[in-house]
Amino acid sequence: QVRLVESGGGLVQPGGSLRLSCAASGNIFSIKNIDNMGWYRQAPGKQRELVAGITSGGTTNYADSVKGRFTISRDNAKITVHLQMNSLKPKDTAVYYCNAVLRSRDFWGQGTQVTVSS
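Here the sequence shown stands for residues 4 to 121, where the numbers follow the working numbering.
In structure tokens form, the structure reads like this:
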């Protein structure tokens, strides 16, 4: 019903920036009704955790660990969500997953690796 494709991951030095993007595609009547969108991450040996979320109305929420450094934004016309990540730290290293919620059902992207290392 909904397909999510992420882009923008990679290797960056501590203190650097990356911008992740996620584009939704699928049945037009479905993707236009996507509710919340967000980014999760999963580091090796750890559970997947919410990084940032945004509602269809633009209300945002962030994990405490990224507040002030990451910014989530959404384009409802293009059905895309972005995550601007600044002042990256080694502990931000993880696979980042895009998430979309449609009628209480979760959809996930394939994930994009973010590695913060000198």
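All C-beta atoms in this analysis are idealised placements derived from N, C-alpha and C, irrespective of residue type, glycine included.
### Message
Report the CB separation of residue 20 from residue 105 in whole angstroms; it is logged as a contact under 8 Å.
### Response
With a Cβ gap of about 30 Å, residue 20 and residue 105 do not count as contacting.
### Message
Helix, strand or coil for residue 33? Go by DSSP, reduced to three states.
### Response
helix
### Query
Buried or exposed: residue 108, going by 16 or more other Cβ atoms within 10 Å of its Cβ?
exposed
### Message
Quick check: residue 119 and residue 101, are their CB atoms within less than 8 Å of each other?
### Response
no
#### Entry: Local conformation of residue 109 per DSSP, three classes
In this structure, residue 109 counts as strand in the three-state DSSP scheme.
### Cβ-Cβ distance between residue 86 and residue 7 below 8 Å
no
### Task
Using beta-carbon positions only, say whether residue 27 and residue 5 come within less than 8 Å of one another.
yes
### Task
Using alpha carbons as the reference points, say which of 59, 42, 45 lies closest to residue 35.
Residue 35 has its Cα closest to that of 59, out of 59, 42, 45.
### Message
Quick check on residue 56: buried or exposed, where buried means 16 or more other Cβ atoms within 10 Å of its Cβ?
### Response
buried
### Query
Roughly how many whole angstroms lie between the Cα atoms of residue 64 and residue 10?
21 Å
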